[in-house]
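So the structure is just underneath, and the comments pick up after that.
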Ligand SMILES: C[S@@+](CC[C@H](N)C(=O)[O-])C[C@H]1O[C@@H](n2cnc3c(N)ncnc32)[C@H](O)[C@@H]1O
């Protein structure tokens with residue numbers, strides 16, 4: 047594991063690059079905010095404490111949960127969206143970061159809510175993904191089980207495939223400010239989700255997609271709409287030699 051100072055430097059530098067590339071402004075301050083508030087980390091640790099499934103039971107800092115989640119938090123804090131829609135929840139670790147940002151926004155008088163869609167990959171039935179992703183929920187757990195209870199008030203979970211659930215979720219939110227894709231990373235599912243959300247996405251809104259290096263769906267979509275692609279790298283601790291080093295891609299409407 048790299049020293050925490052290096053992880054902090056990595057996350058802050060990447061957040062500011064992201065904010066500058068997408069003309070949002072500096073984002074590292076939100077990273078600092080999240081790091082100094084350990085309530086989210088403590089809440090997740092409480093949820094996973096007695097679940098064998100998780101090897102890591104405690105993190106020495108929220109920073110260990112990674113750039114991908116810090117970026118979701120920082121974007122939601124900076125843009126203060128009235129609506130966030132997400133596909134792919136699983137345990138709910140990333141979802142908790144967006145919800146934590148919404149809770150802070152609400153404390154700052156900016157209301158916002160989030161709808162997440164998950165077609166559950168249960169321990170008992172196995173992964174539903176057709177993209178080679180094999181992670182499942184722990185035994186007897188439902189999607190989002192690791193989300194601290196105090197963050198659930200502004201959250202709606204819809205269980206089902208994004209093909210079934212996403213159009214209604216987008217319509218319900220009106221003009222979501224942030225869309226996060228992390229469900230099934232096949233060309234068809236990714237393209238369907240991007241095409242469904244983009245027309246409704248608020249002007250200046252964010253489309254963030256995980257695992258964009260598994261096919262060309264994200265790049266094809268961004269090119270067709272003439273959007274600058276900003277890429278977040280994987281955390282240094284998760285870098286696999288020979289792999290692309292790409293974690294997720296982000297475009298702004
Ligand atoms: C990569 S995991 C999500 C991880 C989560 N976003 C995080 O970062 O902590 C993918 C999730 O999407 C679900 N899923 C797979 N296919 C789906 C589909 N077509 N629609 C909605 N969810 C799907 C899987 O069962 C799994 O729970």
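Residue numbers (the numbering used here): 47 to 299.
The C-beta atom is built at its ideal place from N, Cα and C for all residues, glycine as well.
With contacts defined by Cβ atoms closer than 9 Å, residue 193 and residue 134 do not form a contacting pair. Within the DSSP bridge table, the entry for residue 162 names 132 and 203 as partners. Residue pairing by DSSP puts residue 172 in a beta bridge opposite 168. Relative to residue 118, the option among 128, 147 and 105 whose CA is nearest is 147. If you compare the alpha carbons of 108, 48 and 131 with that of residue 239, the shortest gap goes to 131. Beyond the five residues adjoining it in sequence on each side, residue 141 comes within less than 8 Å, by CB distance, of 132, 135, 160, 162, 190, 193 and 201 in the same chain, given in chain order. Of the residues 155, 216 and 77, the one whose Cα lies closest to the Cα of residue 143 is 77. Looking at the backbone, the Cα of residue 61 and that of residue 242 are separated by about 27 Å. If you draw a straight line from the Cα of residue 113 to the Cα of residue 281, it comes to about 6 Å. By the Cβ neighbour-count rule, residue 102 is exposed, with fewer than 16 other Cβ atoms within 10 Å of its own. In the displayed model, residue 225 falls within a strand according to three-state DSSP.
Residue 81 has its alpha-carbon roughly 12 Å from the corresponding atom of residue 88. Spanning the alpha carbons of residue 178 and residue 235 requires a straight line of approximately 14 Å.
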